[in-house]
Amino acid sequence: MLWEHVVLRSAGFPANAGLRLAASDLAAEADTLRSSGDASAESFAAFESRYAAALEALQPQLRRIAKDSRFQHALAWQNHQALQYGAMPMAGTPAGPVRRNSRHRQREDLIAGYWQRYCLKNDSIGFFGPVGWVRIDRSAGTRFQPRREFLESHEIFFESWAIDQLAEVIGKTPGMAPWLAPRRLSYLGVDDAAVLPAGRPRKAVSPTVAQILRRCNGILPAVTLAADLVTAGAAASLDEVYSLLEDLRRRRWIVWELELPADPRPEVALRRRLEQIGSTALRDQSLSMLDRLEKARESVKEAYEDPERLLAALEHLDETFTDVVRGTPTRNAGKTYGGRTLVYHDARRALDVSLGRDLVDALAPLEMIFKSAAWLTHTVGGQLDQRIKTLRLEAGARIRRPVDLGTLWFECMSLIHGPGRDLVDTVVEDLQRRWAQVLHLPADVAHVAYTQADIEQAVDAQFGAPHSGWHGARAISPDLMIAADDVEAIRRGQFQVVLAELHLAIVSYRHHCFVSQHPDPEQLFACLDRDHPRPRLLPVLPKDNSARLTVRTHPALIRPKDFLVALYHHTVDPIRPRVLLSSDLPVHDDGERLTVRAPDGETFDVLECFSELLLDLVIDAFEMFPSGDHLPRVTIDRLVVNRETWWFSAPDLDFVDHRSEARRFLEVRAWRDAHRLSRCVFVTSPLEIKPFFVDFDSPVYLNLFIKSMRAVRKAESVGRVKLTEMLPTAEQLWLTDADGKRYTSELRLVAVDQRPTDTLLHESQSTTEM
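Per the UniProt record's numbering: the sequence shown = residues 1 to 770.
The structure is reproduced here in structure tokens:
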């Protein structure tokens, strides 16, 4: 069943603006020279002069981009150092011939790199990647009315790492420790006379230590805990308790510091904690540090629409942070999903859109895709479940006591991050073999088309599965693009839907950055309640990780009735009800499955507790086709399930070795023609997380391409480069502004398999439907 709410992700700048850096006349001259077969030095020298002239002719365009106030505004938010030291010097370059030395070429690359992203990629960050919310309305046709205003709203947030660093500094202030609430590690069990470390035998401790550990809940300040123990006669003095706490901290049995939950407003949680400090002097000193940062953040808010003032305000915020925290105001330089700066902003695009039955009907072939995805997760879940049962038995024999969830979680780490990935790869290969038996793709063609009626029976035969494997895997999230001249073309049926990506086992717009921009988030929770009426047991996540997790991308669709289990990380507010520690949950085997039981009696499959680990394995695992040298565009009715794609290994990229830019331009175009590549493609490098846009008619974009390919050549064994045709093309973009300028966009949908994965759920037995 499709949720009626849909995220519309788009670029923040018109798509045609991203093509301004083309030099089509130069490209035509290069092709003419190559086709003539004239390899003389004189002919190349003449072309080299024309190449230099074409680059010179692009300089005013690069300066206009660098001077563009919206471009400067976007760059100020994303990387104000790049604005100050890259874009502004380019904007200030005087008219006339330029000396394209190394520094100038670096500035060209910087401008072009950000410009292609802002114009031609669907993103979710700030006004240059605004979030839009639209609805499905099957009672009518698709409707779209451009709005004069571009944004409906925007918000400015601290990056959580910045406030965490402030909390760390405050927590280390002399005299602060008694006012901090110690917390027992989630994977450390405790009884009256022993601790039960995950995966290890019990270890005897004194009754006083056991009592302290049981009361270390992250809520009770150390001073109160110590006073209670002294009053009860369990300790002689406050200092004795503090000494015991310090010993427990050294043993890594407790955390005793100023911790903040993962939340888009970390400064609110910090202020609440600071206001509870019993020492007036420490409280006032700490609050004044937070006040300074918040005041500097307010200056950023006030300067939001003025790039010059914004740059000054951001620099002032950096200086304030450095002065208060004695730390660097940036981190993770160049990293995607890195949360690099102190603040970020999210914005909601002003949209008047409803997706009608004409569009939803065209999505019918997705049911076959979903069926195969459910087969994948069911197969993976079943095989992992058997291995986890074996690990539980082995752990129980080793520690000689009942296995708790924390112990099982540690046992599963090596499985999930090692054999588990191999298992998924094997299942994906099987999925691809099954799709090959359904489709029988012809070789050496650019496009191939099927109908749902022709292949549906074969799909059913190949991908029979009773359900999706585990509760969280019921959700599946396709990213779709519409190729249409305009909305009227959609209403006439003159369009295609392009499947960009398929995310498994996730409501892909569950993140804070999406939910916070919904005009009425309670409507999203209503969808959740409809498909998940029971409480869920969800693992507590780290604040960020090396892949793609930040507080922006933390799940926001968590209800008060849902349980949260801290397996290892504990980034949830300890005062939240229904927070469980993994060490406190015994794992039971009911003969069919492993389960844990919450204090209120709710029973959950262990696979649900590990849902985020399983998500990491399968979220991007769905690939209908194996990578080869080339795959055609594959269409089922009006759904494009694969854009035309090419792969190349490092030895295929020898054109990057030429020192002459003009020679590289000729060689790249020859390479492109030899492989029949589209003029505009998106390139996925094995060294980068996100793809980037390349127009083969643009010498500036080709320089970016060459730079990236050189890195691949240097790395050699990192994997192959993937090139994907741009579809929709720049002429097939239906989303426009009030001035008729076209924007790239994609729709992020959520579908939920209505078949239950566990008889304990007592949910509907209806089948999956669109």
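In this text, a Cβ means the ideal position worked out from N, Cα and C, and glycines have one as well.
None of these values were measured; they are calculated from a predicted model.
Exposure label - residue i; buried when at least 16 CB within 10 Å
i	result
Leu-276	Rather than Leu, the amino acid found at residue 276 in this sequence is Gln. The residue is exposed, with fewer than 16 neighbouring Cβ atoms inside 10 Å.
Asp-544	buried
Val-268	exposed
Arg-184	buried
Leu-557	buried
Gln-72	buried
Asn-101	exposed
Ile-575	exposed
Leu-58	buried
Tyr-114	buried
Arg-273	buried
Leu-687	exposed
Asp-289	The sequence given here has Met at residue 289, not Asp. Buried, because 16 or more other Cβ atoms sit within 10 Å of the Cβ of Met-289.
Asp-697	buried
Leu-393	exposed
Thr-231	exposed
Ile-689	exposed
Ser-237	exposed
Thr-336	Model confidence at Thr-336 stands at a pLDDT of 48, short of 50, so the residue's coordinates are unreliable; what they give is reported in the following sentence. Exposed: under 16 other Cβ atoms inside 10 Å.
Reduced DSSP category for residue i - H, G, I as helix; E, B as strand; rest coil
i	result
Ala-566	strand
Leu-113	As written in the sequence, residue 113 is Gly, which differs from the Leu given in the question. Looking at Gly-113 - three-state DSSP - the assignment turns out to be helix.
Gly-189	strand
Ile-219	coil
Leu-631	strand
Lys-755	In the sequence on display, residue 755 carries Arg and not Lys. Three-state result, Arg-755: coil.
Ile-506	coil
Thr-736	strand
His-73	helix
Gly-338	Unreliable placement is indicated for Gly-338, whose pLDDT of 45 sits below 50; no coordinate value is reported for it.
Tyr-701	helix
Asn-16	helix
Ile-575	coil
Phe-604	strand
His-518	coil
His-471	helix
Glu-155	strand
Trp-256	coil
Pro-207	helix
Spatial neighbours of residue i in its chain, beta-carbon cut-off 7 angstroms, leaving aside the 5 residues before and after
i	result
Ile-506	Ala-475, Ser-477, Leu-615 and Ile-619
Phe-705	Val-683 and Val-694
Spatial neighbours of residue i in its chain, beta-carbon cut-off 6 angstroms, leaving aside the 5 residues before and after
i	result
Ala-181	Gly-218, Ile-219, Leu-220 and Pro-221
Lys-67	Ala-91
Pro-555	Arg-510
His-80	Leu-311 and Leu-314
Leu-613	Ile-416
Residues bridged to residue i [DSSP beta-bridge criterion]
i	result
Glu-725	Val-681
Asn-545	Asn-545 pairs with nothing; no bridge assigned.
Asp-123	Ser-10
Ser-745	Ser-10
Pro-266	None; Pro-266 has no bridge partner.
Gln-496	Ala-483
Gly-132	Leu-8
Pro-599	None; Pro-599 has no bridge partner.
Val-694	Val-681
His-554	DSSP, once it has assigned bridges, lists no residue as partnering His-554.
Asn-79	Paired residue(s): none; Asn-79 is not in a bridge.
Same chain only: Cβ atoms within 8 angstroms of residue i, ignoring 5 sequence neighbours per side
i	result
Ala-751	Met-1, Leu-2, Trp-3, Leu-366, Phe-370, Ala-475, Ile-476, Ser-477, Pro-478, Thr-768 and Met-770
Leu-317	Leu-293, Ala-296, Arg-297, Ser-299, Val-300, Pro-329, Leu-342 and Val-343
Pro-97	Glu-56
Ser-660	Glu-48
Thr-729	Ala-483 and Cys-680
Proximity test, residue i beta-carbon vs the ligand ATP heavy atom, cut-off 8 angstroms
i	result
Ser-372	As for the ligand ATP, it is missing from this structure, which has no ligand bound.
Any C-beta of chain C under 9 angstroms from that of residue i
i	result
Gly-469	Checking the listed chains, one finds no chain C in this structure; it contains a single protein chain.
Exercise. Counting Cβ pairs, one atom from each stretch, are 3 or more of them under 8 angstroms apart for the segment 644 to 657 and the segment 453 to 472?
Worked result: No, they do not touch.
Exercise. Do the segment 667 to 684 and the segment 741 to 757 make contact, defined as three or more Cβ pairs closer than 8 angstroms?
Worked result: no
Problem set entry | At least three beta-carbon pairs within less than 8 angstroms, the segment 710 to 717 to the segment 435 to 444 | no
Problem set entry | Touching by the beta-carbon criterion (3+ pairs, under 8 angstroms), the segment 11 to 24 and the segment 111 to 120 | yes
Exercise. Counting pairs of Cβ atoms below 8 angstroms between the segment 54 to 64 and the segment 93 to 109, do you hit three or more?
Worked result: yes
Problem set entry | Three-pair Cβ contact test at 8 angstroms for the segment 235 to 252 versus the segment 135 to 148 | no
For this session: Count the CB pairs spanning the segment 451 to 468 and the segment 366 to 376 that are closer than 8 angstroms, and state whether there are at least three.
Result: yes
Exercise. Should the segment 187 to 201 be regarded as contacting the segment 404 to 414, the criterion being three or more beta carbon pairs within less than 8 angstroms?
Worked result: Short answer: they touch.
Exercise. Does the pairing of the segment 484 to 498 with the segment 718 to 738 give three or more beta-carbon distances under 8 angstroms?
Worked result: yes
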